[in-house]
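Chemist: In the UniProt record's numbering, the protein residues as written are 1 to 120.
So, in structure tokens, the structure goes:
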């Protein structure tokens, strides 16, 4: 959905509150090059157009951290919504952590979850 529309006379008009308002982020087209890219923001300062990458890495105090999974979702996807898919891929890489940490977009700001099937 665009930020503009054609009126009855065929003229381009910007959307306003009186004619239905701007489309929600999940529907608004934000790039002429990729119609699936979306606008998103985290907090008051971080804003972007495109997609959201979810990186999973090991966190050991005595070793190197290694990225074990990368998932790309629409920019409007909350971090917590991506966790179930990430958790289902853990056994494929022989990795079942004690817990996962997510910068969720809704309070509480950090979310700790125990993945299903975790044996530790």
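Backbone N, C-alpha and C fix where the C-beta goes; we use that ideal spot for every residue, glycine too.
Fair warning: this is a prediction, and the values are worked out from it, not measured in the lab.
(1) Going by other Cβ atoms of all chains shown within 10 Å of its Cβ, with 16 needed for buried, is residue 89 buried or exposed?
(2) Output needed for residue 106: all residues of its chain with C-beta closer than 8 Å, excluding positions within five of it in sequence on either side, in chain order.
(3) Excluding the 5 residues flanking residue 41 on each side, which residues of the same chain have their C-beta closer than 6 Å to its C-beta?
(4) Mapping DSSP to helix, strand and coil, what is residue 62?
(5) Return helix, strand or coil for residue 12, following the three-state DSSP convention.
(6) Tell me whether residue 7 sits in a helix, a strand or coil according to DSSP, three-state version.
(7) Using the three-state DSSP reduction, which class does residue 34 fall into: helix, strand or coil?
(8) Could you pull the DSSP bridge partners for residue 86 from this structure?
(9) Just to check my reading of the structure: residue 25 and residue 4 have Cβ atoms closer than 8 Å, yes? What is that Cβ distance to the nearest angstrom?
(10) For residue 35, I'd like the list of residues in its chain whose CB is within less than 8 Å of its CB, leaving aside the five on either flank, ordered along the chain.
(11) So, are the CB atoms of residue 15 and residue 21 less than 8 Å apart?
Modeler: Concretely, from the data shown:
(1) Counting the other Cβ atoms within 10 Å of the Cβ of residue 89 gives fewer than 16, which makes it exposed.
(2) For residue 106, the predicted structure reports a pLDDT of 43, less than 50, and the residue's modelled location is therefore unreliable. The matter cannot be settled from this model.
(3) Cβ within range, chain order: 47.
(4) Three-state DSSP puts residue 62 in coil, outside helix and strand.
(5) The answer is strand: DSSP assigns residue 12 an E or B state.
(6) Looking at residue 7 - three-state DSSP - the assignment turns out to be coil, as it is neither helix nor strand.
(7) Under the three-state reduction of DSSP, residue 34 is assigned to coil, being neither helix nor strand.
(8) For residue 86, which the question treats as bridged, DSSP gives no partner whatsoever.
(9) In fact, because the Cβ distance is near 17 Å, the residues do not count as touching under 8 Å.
(10) Cβ within range, chain order: 29.
(11) Yes. Within cutoff.
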